[in-house]
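Novice:
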Ligand code: G3I
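Residue numbers (this note's numbering): 1 to 453.
#1: Where do the ends of the beta strand (DSSP E) carrying residue 120 lie?
#2: Between the segment 157-165 and the segment 185-204, do three or more beta carbon pairs fall short of 8 Å?
#3: Mind checking which residues open and close the beta strand (DSSP E) that includes residue 114?
#4: On the three-state DSSP scale, how would you describe residue 183?
#5: Kindly provide the ranges of any alpha helix (DSSP H) runs that are 4 or more residues long and lie completely inside the segment 330-360, ordered along the chain.
#6: Should residue 437 be counted as a contact of ligand 1 given a C-beta to heavy atom distance under 7 Å?
#7: Between which two residues does the alpha helix (DSSP H) carrying residue 314 extend?
#8: For residue 51, does the three-state DSSP call read helix, strand or coil?
#9: Based on Cα-Cα distance, which residue from 70, 292, 282, 219 lies nearest to residue 233?
#10: Alpha carbons only, please: which of 431, 409, 395 is nearest the one belonging to residue 385?
#11: Among 396, 375, 370, 87, whose alpha-carbon lies nearest the alpha-carbon of residue 359?
#12: Tell me whether the beta-carbon of residue 288 lies closer than 8 Å to the beta-carbon of residue 240.
#13: What number of angstroms, rounded off, separates the C-alpha of residue 70 from the C-alpha of residue 56?
#14: Helix, strand or coil, according to DSSP, for residue 102 in the structure here?
#15: Quick check: is any heavy atom of ligand 1 less than 7 Å from the C-beta of residue 362?
#16: Closer than 6 Å by C-beta to residue 100: which residues in its own chain qualify, once you throw out the five before and the five after it? Chain order, please.
#17: With three or more C-beta pairs closer than 8 Å as the rule, is the segment 144-153 touching the segment 402-419?
#18: CA-CA distance, residue 178 and residue 89?
#19: Would you check if the segment 443-451 and the segment 125-132 touch, i.e. whether three or more CB-CB distances between them fall below 8 Å?
#20: In angstroms, rounded to a whole number, what distance separates the CA positions of residue 296 and residue 96?
#21: With DSSP as the reference, label residue 22 as helix, strand or coil.
#22: Quick one: measure Cβ to Cβ for residue 264 and residue 315, integer angstroms, because I've assumed they're closer than 8 Å.
#23: What do you reckon, is the C-beta of residue 207 under 7 Å from a heavy atom of ligand 1?
#24: Return the residue from the list 107, 224, 181 that minimises the CA-CA distance to residue 214.
#25: Let me check you understand the geometry: is the CB of residue 254 closer than 7 Å to at least one non-hydrogen atom of ligand 1?
#26: Please state whether the Cβ-Cβ distance between residue 225 and residue 302 is less than 8 Å.
#27: Below 8 Å on the Cβ atoms is my contact criterion, and I expect residue 357 with residue 300 to pass it. Report the Cβ-Cβ distance as a whole number of Å.
#28: When DSSP labels each residue in this structure, what does residue 253 get in the three-state scheme?
#29: Of the residues 33, 76, 387, 435, which one's Cα is nearest the Cα of residue 443?
#30: Does the distance between the C-beta of residue 250 and the nearest non-hydrogen atom of ligand 1 fall short of 7 Å?
#31: Looking at the structure shown, is residue 214 part of a helix, part of a strand, or coil, going by DSSP?
#32: Determine the closest residue to residue 349 out of 401, 373, 137, with distance taken between C-alpha atoms.
#33: For the alpha helix (DSSP H) that contains residue 81, what are its first and last residues?
#34: Helix, strand or coil: which one does DSSP assign to residue 70?
#35: Please give the ranges of any beta strand (DSSP E) in the segment 398-444, keeping only runs that are unbroken, at least 3 residues long and fully inside the region.
#36: Using alpha carbons as the reference points, say which of 394, 382, 372 lies closest to residue 433.
Put into structure tokens, the structure is as follows:
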């Protein structure tokens, strides 16, 4: 209980001690004291709790609620509202509105003076965002990273009505598929492909080779380098062959460029297959499927010029050698402050200059770049997130249509994003609230698409 309330109670007890006398008849003659009104509590978008400390002799209390502090126009439901308790939940209110409260006490027919006036402003509840099915606004594939176990009920409905493309968040990675030499588990990935087929969606398959999704038996493989390379070749042939005709594209290699100097990451693949491992993997994939689109995918290349240039150089080298490399995935794990629209445009156009397909492949926009532990997703952050989503989508849609591959959001609802766990703080980076309702950012993406049409 707060010090303020305790002080109020002590004050009242003192008042009563002074006024009370042994003779109950004298007590009966004392006028009933005005209640002491406390600050309103539990304030929501449509209610709050009024609480007061009343005269011990009072038999009931009368509560007035008004939108004006002179109580000229008192709410009909709360005009001399009679209560016997010393609190009242005031409900049925309008959001983002100031209300004034006063209370009087009754002792039989005698009415006390009014308490002091307190006020409460109900919380601003933004109007619900419009329902705009993104996939109906454009022929550009609008994707989401999903997990097969979630694709049911209202969640599955939201995914299929909003998106026209799917990426498996983990089910089509090596750690899930490659369960042992010559052993493959396609069941999790097949579930996502089946959901896509049932809902007229394409699949962007992710990812054949990624240093963070390498099974232990491969990390610890004791055979020769050539035997290791043969294992990778067989894996890629098997997996790309399994999904041939079922997926539109593959991230063949993910995150192979280091963050320091644009060199190759020191991964088991680079160690065992040499610097040319990326080209070899693209060749293996093409051998297994002559039609599937082949991408290189990496993070921070939307704004890390060194890393972007190194990535494009790897792709250009393959192009120059006649090795198919169709596109580049900009993962795009961004935040509300960064990068600028100009940086986004410059980076994406560098890929266009190489004639590449551009995939905004893992888009999410953090609202908590400072990793504050107690952040609240308020209207201001929602607006800034909407603006950044619009910048990314608008700059992407400014590219020549033949270079636009897809926009994929890395998740559906905020509560299932990988970001909070990754940054160790709350965040709300996606397009939908946890109740599957669209956020302002979703409306922003829809408007950016509509304006580009
Ligand atoms: O492995 C279990 C699986 O056996 C189980 O059936 C399933 C039930 O939900 O859970 C699986 O657990 C974890 C899975 O996410 C689902 O939560 C995996 O252990 C965990 O490694 C996996 O994390 C994924 C991570 O990549 C590693 O694959 C994240 O969801 C996914 O968001 C993240 O995505 C990466 C991109 O691939 C590349 N770019 C960065 C991005 C974020 O790290």
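Every residue, glycine too, gets a C-beta built ideally from N, C-alpha and C.
Since this is a predicted model, take the numbers as computed values, not measurements.
Specialist: Well, looking at it:
#1: Stepping through the chain shown from its first residue, residue 120 is reached at position 120. Segment 118-121, the beta strand (DSSP E) holding residue 120.
#2: yes
#3: As a first step, residue 114 is located in the chain shown; it is residue number 114 there, counting from the start. Per DSSP, residue 114 belongs to the beta strand (DSSP E) from 110-114.
#4: The residue you call residue 183 lines up with position 183 of the chain shown. Residue 183: strand per DSSP, three-state reduction.
#5: 341-353
#6: The sequence position of residue 437 within the chain shown is 437, counting from 1. No.
#7: To locate residue 314, count along the chain shown from 1; it is residue 314. Residue 314 -> alpha helix (DSSP H) spans 305-320.
#8: Within the chain shown, numbered from 1, the residue matching residue 51 stands at position 51. Residue 51: strand per DSSP, three-state reduction.
#9: For the purposes of this step, residue 233 is identified with residue 233 of the chain shown, where counting begins at 1. With distances taken between Cα atoms, residue 233 lies closest to 282.
#10: Residue 385 sits at position 385 when you count from the first residue of the chain shown. Cα-wise, what sits closest to residue 385 is 431.
#11: Along the chain shown, read from residue 1 onward, the residue named residue 359 stands at position 359. Ranking the options by Cα distance to residue 359, first place goes to 396.
#12: What you label residue 288 is simply residue 288 of the chain shown in a count that begins at 1. What you label residue 240 is simply residue 240 of the chain shown in a count that begins at 1. A contact, by the Cβ cut-off of 8 Å.
#13: Taking the chain shown and counting its residues from 1, one reaches residue 70 at position 70. Taking the chain shown and counting its residues from 1, one reaches residue 56 at position 56. Distance between the alpha carbons of residue 70 and residue 56 is about 28 Å.
#14: As a working note, residue 102 is residue 102 in the chain shown. If DSSP states are grouped into helix, strand and coil, residue 102 belongs with the strands.
#15: The count along the chain shown starts at 1 and reaches residue 362 at position 362. At least one heavy atom of ligand 1 is nearer than 7 Å to the Cβ of residue 362, so yes.
#16: Position 100 of the chain shown holds residue 100. Cβ within range, chain order: 66, 69, 117, 119.
#17: yes
#18: On the chain shown, position 178 is the one that residue 178 refers to. On the chain shown, position 89 is the one that residue 89 refers to. C-alpha separation (whole angstroms): 59 Å.
#19: yes
#20: The residue you call residue 296 lines up with position 296 of the chain shown. The residue you call residue 96 lines up with position 96 of the chain shown. Going by the C-alpha atoms only, they are around 49 Å apart.
#21: Position 22 of the chain shown, counted from the first residue, corresponds to residue 22. Note that residue 22 has pLDDT 44, beneath the 50 cutoff, so the model's placement of it is unreliable and no number is given.
#22: The residue given as residue 264 occupies position 264 in the chain shown. The residue given as residue 315 occupies position 315 in the chain shown. Incorrect: roughly 14 Å between the Cβ atoms, too far for contact.
#23: Along the chain shown, read from residue 1 onward, the residue named residue 207 stands at position 207. Yes, ligand 1 has a heavy atom inside 7 Å of this Cβ.
#24: On the chain shown, residue 214 is found 214 positions in, with the first residue counted as 1. Of 107, 224, 181, the residue nearest in Cα terms is 181.
#25: If you number the chain shown from 1, residue 254 lands on position 254. The answer is yes for residue 254.
#26: By one-based count along the chain shown, residue 225 stands at place 225. By one-based count along the chain shown, residue 302 stands at place 302. Contact flag unset, no.
#27: The sequence position of residue 357 within the chain shown is 357, counting from 1. The sequence position of residue 300 within the chain shown is 300, counting from 1. 20 Å between Cβ atoms; not a contact.
#28: The residue you call residue 253 lines up with position 253 of the chain shown. Of the three classes helix, strand and coil, the one that applies to residue 253 here is strand, per DSSP.
#29: Residue numbering aside, residue 443 sits at position 443 when the chain shown is read from its first letter. For residue 443, the nearest C-alpha among the options comes from 387.
#30: Walking along the chain shown from the start, residue 250 turns up at place 250. Not so, every heavy atom of ligand 1 lies at least 7 Å from the Cβ.
#31: The residue you call residue 214 lines up with position 214 of the chain shown. In this structure, residue 214 counts as coil in the three-state DSSP scheme.
#32: Working through the chain shown from its first residue, we reach residue 349 at position 349. Comparing Cα-Cα distances from residue 349 to each of 401, 373, 137, the minimum goes to 401.
#33: The residue labelled residue 81 in the question sits at position 81 within the chain shown. Here residue 81 belongs to no alpha helix (DSSP H); instead the beta strand (DSSP E) covers 81-83.
#34: For this step, residue 70 is matched to residue 70 along the chain shown. The answer is coil: DSSP assigns residue 70 none of H, G, I, E or B.
#35: 404-409
#36: Your numbering for residue 433 matches position 433 in the chain shown. Among 394, 382, 372, the Cα nearest to that of residue 433 is on 382.
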